[in-house]
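Residue numbers (our numbering): 1331 to 1696. Quick reminder that beta carbons are idealized off the backbone N, C-alpha and C, glycines included.
Structural data, given as structure tokens:
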């Protein structure tokens, strides 16, 4: 090796060691998953300078792989796509836990061209390394087309593998921290958020809505004649029904905009960010129609029909505080019950004293 090449190699080694040191310090300073991921990809970009790169993780609920981060030409088109373990080179790396360096993907039978077709990008070379923590593969870091030809080298593979080791540990720690946090705000029976989290989140959103003059709505719903399910089939079946109700409500929500809460018993709430009264009524109607079209407990060998009485209240039209917004939606929901169940009622404007008007209906538990 001539002196110039030796100097270049030493410089690269020093840069890598410095980057590893910075990454180790930074990754131990945060347990926020988004910060961890952003830092990982920043270091990948700085050290290896790929044309395109992505961080692919496994969805713990579905088992499918998805693009958590995708950067470069056509990357936006990838963010909505999923792949199965074993699909494509990245999927094969995930399933095997073995890194791959491919100089020409055209000669590799594992290559899945549908991602190039979706992003209008042409992949030539590819480097994919698994993210492994506690002998479990969490995902894959994938680099596409190096800064020069012929693309990536074995030195790049070594560098990326070292980054992946740091990243996997940090991702695992961040996920564990998030799970602990979720335990304190999640209802254990339904998987929805709990009432305590509703009160905390709603207070924050009311303040934000007041500051930016954005609408905010709350939908309250109570299951009609739910007590009869417990009486007829027992409380275990009743709990299974509540879980299916929670799943249904979550599936109806707008991603990253709506949040579903179990308020208590057979009462649920849906918080609708930046949604006015009219928009909330549309969503409430969608909820009622979804209940009418759903049959519950089929996996238990039953076929149960269930409806809901729904109340709608909006900030600032019906309330100016989080507590009053909950009260207004709750009163409206019981007004819907009083008018015959399986329907929607909208809260009335506050009385002169500033509180929602009472509705003439007694709580009956169904």
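With a CB to CB cut of under 8 Å and the five nearest residues on each side skipped, what residues in its chain are close to residue i?
| i | result |
| --- | --- |
| residue 1435 | 1419, 1441, 1453, 1454, 1455 and 1456 |
| residue 1473 | 1374, 1378, 1380, 1382, 1383, 1456, 1457, 1458, 1482, 1486 and 1490 |
Look at the alpha carbon of residue i and the alpha carbon of residue j, and state the distance between them as a whole number of angstroms.
| i | j | result |
| --- | --- | --- |
| residue 1593 | residue 1670 | 22 Å |
| residue 1538 | residue 1633 | 43 Å |
| residue 1692 | residue 1663 | Bear in mind that a pLDDT of 43 at residue 1692, under 50, signals an unreliable position, so the model cannot answer this. |
| residue 1415 | residue 1398 | 15 Å |
| residue 1688 | residue 1584 | Only weak support exists for where residue 1688 lies, its pLDDT of 46 falling under 50; the value from the coordinates is given anyway. If you take the alpha carbons of residue 1688 and residue 1584, they lie about 31 Å apart. |
| residue 1499 | residue 1411 | 25 Å |
| residue 1694 | residue 1525 | Its pLDDT being 46, under 50, residue 1694 is placed unreliably in this model, and the value from its coordinates should be taken loosely. For residue 1694 and residue 1525, the distance between alpha carbons rounds to 20 Å. |
| residue 1588 | residue 1478 | 45 Å |
| residue 1510 | residue 1534 | 22 Å |
| residue 1462 | residue 1574 | 34 Å |
In terms of residue numbering, what span does the alpha helix (DSSP H) encompassing residue i cover?
| i | result |
| --- | --- |
| residue 1574 | 1565 to 1582 |
| residue 1542 | 1525 to 1542 |
| residue 1623 | 1607 to 1623 |
Whose C-beta lies closer than 6 Å to the C-beta of residue i among residues of the same chain, with five residues either side of it excluded?
| i | result |
| --- | --- |
| residue 1390 | none |
| residue 1407 | 1448 and 1449 |
| residue 1576 | 1520, 1521 and 1522 |
| residue 1679 | none |
| residue 1451 | 1403 and 1404 |
| residue 1547 | 1602, 1605, 1610 and 1644 |
| residue 1530 | none |
| residue 1423 | 1430, 1458, 1460 and 1470 |
| residue 1568 | 1559 and 1560 |
Please classify residue i as buried or exposed, where buried requires at least 16 other C-beta atoms within 10 Å of its C-beta.
| i | result |
| --- | --- |
| residue 1443 | exposed |
| residue 1635 | exposed |
| residue 1565 | exposed |
| residue 1517 | buried |
| residue 1476 | buried |
| residue 1512 | exposed |
| residue 1426 | exposed |
| residue 1327 | Any property of residue 1327 remains undetermined from this structure, which presents the chain solely from 1331 to 1696. |
| residue 1561 | exposed |
| residue 1629 | exposed |
| residue 1333 | exposed |
| residue 1392 | exposed |
| residue 1536 | buried |
| residue 1542 | exposed |
| residue 1571 | buried |
| residue 1428 | exposed |
Quick one: give me the first and last residue of the beta strand (DSSP E) that residue i is part of.
| i | result |
| --- | --- |
| residue 1470 | 1466 to 1474 |
| residue 1388 | 1382 to 1388 |
| residue 1588 | 1588 to 1594 |
| residue 1445 | Unbroken run through residue 1445 is the alpha helix (DSSP H), 1444 to 1449; no beta strand (DSSP E). |
| residue 1552 | 1546 to 1553 |
| residue 1641 | 1638 to 1645 |
| residue 1599 | 1597 to 1603 |
Spatial neighbours of residue i within its chain, please: CB distance less than 7 Å, with the 5 preceding and 5 following residues excluded, ordered by chain position.
| i | result |
| --- | --- |
| residue 1615 | 1674 |
| residue 1400 | 1384, 1408 and 1409 |
| residue 1432 | 1419, 1438, 1455 and 1456 |
| residue 1676 | 1607, 1611, 1642 and 1662 |
| residue 1690 | Confidence is the limiting factor: at residue 1690 the pLDDT is only 43, short of 50, which leaves the residue's position unreliable, though a coordinate-based value still follows. Around residue 1690: 1668. |
| residue 1666 | 1639, 1640, 1641, 1673, 1674 and 1675 |
With 7 Å set as the bound, which would you pick, yes or no: does the beta-carbon of residue i sit closer than that to a beta-carbon of chain D?
| i | result |
| --- | --- |
| residue 1413 | In the structure shown, chain D cannot be found, because there is only a single protein chain. |
Since residue i and residue j are thought to touch, with beta carbons under 8 Å apart, how far apart are those beta carbons, to the nearest angstrom?
| i | j | result |
| --- | --- | --- |
| residue 1387 | residue 1396 | 6 Å |
| residue 1618 | residue 1640 | 6 Å |
| residue 1598 | residue 1551 | 5 Å |
| residue 1658 | residue 1648 | 4 Å |
| residue 1504 | residue 1366 | 5 Å |
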